[in-house]
Structures are given as structure tokens and as C-alpha cells.
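Residues in the sequence shown are numbered from 22 upward in steps of one, following our numbering.
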Amino acid sequence: MKAATRVCSQAHAGFLILTLLASIWPGITQAQNEPILVPEAVDYQKLLPILPESPQGWTADKPEGSTEDVGGFRITNVHRDYHKGDGDKAPTAAISVLDSVANPDYDTATTGAWNNNSESSEGYGKSVSIDGNPGFEAFEKESKHATLWVMVAHRYFLQIELQNQDPGALQEWIKRVDLKKLAEIK
């Protein structure tokens with residue numbers, strides 16, 4: 022299960038990076054003769070301490086991160102997986118942070134999409150606010166898959182992903198991340 026969670030979480034992080042790149046790329050190609058004035062992403066080493074230690078009864082993998090140069094700008098992403106027990110039904114959690122400073126429009130586009138709430142027999146998706154930061158929570162009942170996305174300081178895209186847990190546990194996990202400290206990192 023550990024490998025499956027990591028693959029799923031890494032795929033999510035890769036998707037987030039590709040989405041960020043896709044939203045930046047048109048602006049770069051349109052202004053080929055103009056200098057690219059993109060704010061600098063923080064080094065991943067500064068974000069690793071934001072990823073909390075495991076709660077009692079859980080184990081945590083070593084935190085991972087990278088800062089990569091991509092087409093003239095840098096992207097930073099950090100990630101950590103958490104596990105409670107073994108087997109396919111064991112609860113897991115994953116926390117990721119993406120520095121989206123390379124594209125200020127990413128904040129607006131992402132948080133704007135979070136204004137659509139829905140609920141069905143299969144699950145729900147709803148807008149939330151966490152310590153004044155816009156967010157979105159989703160839950161798939163059949164797979165017991167819960168996700169919370171939060172935009173911190175109009176820059177950091179925080180994702181908490183839970184498997185085989187009640188969606189209420191998202192609130193417990195977000196409390197483990199120091200959002201004020203994250204907002205101050207430059």
C-alpha cells in the first residue's frame with residue numbers, strides 16, 4: 022500500500038506541476054522578446070520543516086522535495102507520506118506543498134474553481150476556509166479517499182490526501198501543519 026500511495030501522491034504532485042507549467046507557458050511564448058520577470062521559488066529545503074512528524078501510532082516516510090529549473094523559472098515541491106499499519110485497508114495520509122510563485126494567476130484560477138460545491142451519494146466537494154486561507158475539500162465514499170487543498174499566502178498550494186479515513190480527519194491533519202510559518206517562508 023505504501024508504494025501505491027506514494028505513486029498516487031507523486032502522480033498528484035506531477036499533475037500539479039504540469040498544470041502550473043501549462044498555465045505559465047502561454048505567457049512565456051507570447052512574450053518571447055520580453056524579459057521573463059518571474060519571482061524566485063523558495064528552495065525546497067526551506068519547506069521540508071513544514072511537513073509534520075507522524076502522529077502517535079503512525080509512521081512517516083522521509084520527507085522528499087525538489088527545486089527544479091524549468092524553462093527559465095523554478096518550481097519547488099515537497100512531499101511526505103504517513104502510514105498507520107499495513108495492508109490494503111490501513112489508513113494513509115500524504116502532505117504536499119507546491120510553491121506557485123512562478124505564476125500569480127495560478128492562485129486566482131485555482132481558488133476560483135473552488136467555488137463550486139457539490140454533493141451526491143458518491144461523495145462531495147465543498148469550499149472551505151482554513152485560518153483565513155481559501156480551500157477545497159473532497160471525499161469519495163466508496164474508496165474512502167479524502168483530499169483537502171489550501172492556498173496559503175497566495176503562493177503555497179498545500180494538499181492533504183487521506184485514504185481509509187473519515188473525512189473529518191482532514192481537520193486533524195491540517196492542524197499539524199503550521200500555516201502561519203508556511204506563509205512567512207520567502
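Where a beta carbon is used, it is the ideal one built from N, C-alpha and C, also for glycine.
Next on the checklist: Given this structure, state the Cα-to-Cα distance separating leucine 200 from valine 173, to the nearest angstrom.
Outcome noted: 7 Å
Next on the checklist: Quick check on glycine 78: buried or exposed, where buried means 16 or more other Cβ atoms within 10 Å of its Cβ?
Outcome noted: exposed
Checklist entry - Whose CA, out of Asp109, Thr113, Thr80 and Lys147, lies closest to the CA of glutamine 186? => result Thr113
Item to check | CB-CB length for threonine 80 against histidine 104, believed under 8 Å | outcome: 5 Å
Next on the checklist: Just to confirm my understanding: we take glutamate 85, look at its own chain, exclude 5 residues before and 5 after, and list those with CB closer than 8 Å. What are they?
Outcome noted: Excluding its 5 nearest sequence neighbours in each direction, glutamate 85 has C-beta neighbours in its own chain below 8 Å: Val99, His100 and Arg101, listed in chain order.
Next on the checklist: At the level of alpha carbons, what is the spacing between glycine 93 and alanine 123?
Outcome noted: 10 Å
Checklist entry - Which value, in whole angstroms, describes the spacing of the CA atoms of arginine 197 and proline 73? => result 6 Å
Checklist entry - Can you list, in chain order, the residues of its chain whose CB lies under 7 Å from that of isoleucine 206, leaving out five sequence neighbours each side? => result If we look at isoleucine 206 and ignore the five residues flanking it on each side, its Cβ neighbours are Val63, Lys67 and Leu68.
Item to check | Identified DSSP bridge partners for tyrosine 103 | outcome: Ala81 and Ala114
Checklist entry - Quick one: what does DSSP say tryptophan 135 is sitting in, helix, strand or coil? => result coil
Checklist entry - Distance, Cα to Cα, glycine 153 vs leucine 169? => result 15 Å
Next on the checklist: Using CA atoms only, rank isn't needed, just tell me which of Phe178, Thr88, Lys162 and Ile71 is closest to leucine 119.
Outcome noted: With distances taken between CA atoms, leucine 119 lies nearest to Phe178 out of Phe178, Thr88, Lys162 and Ile71.
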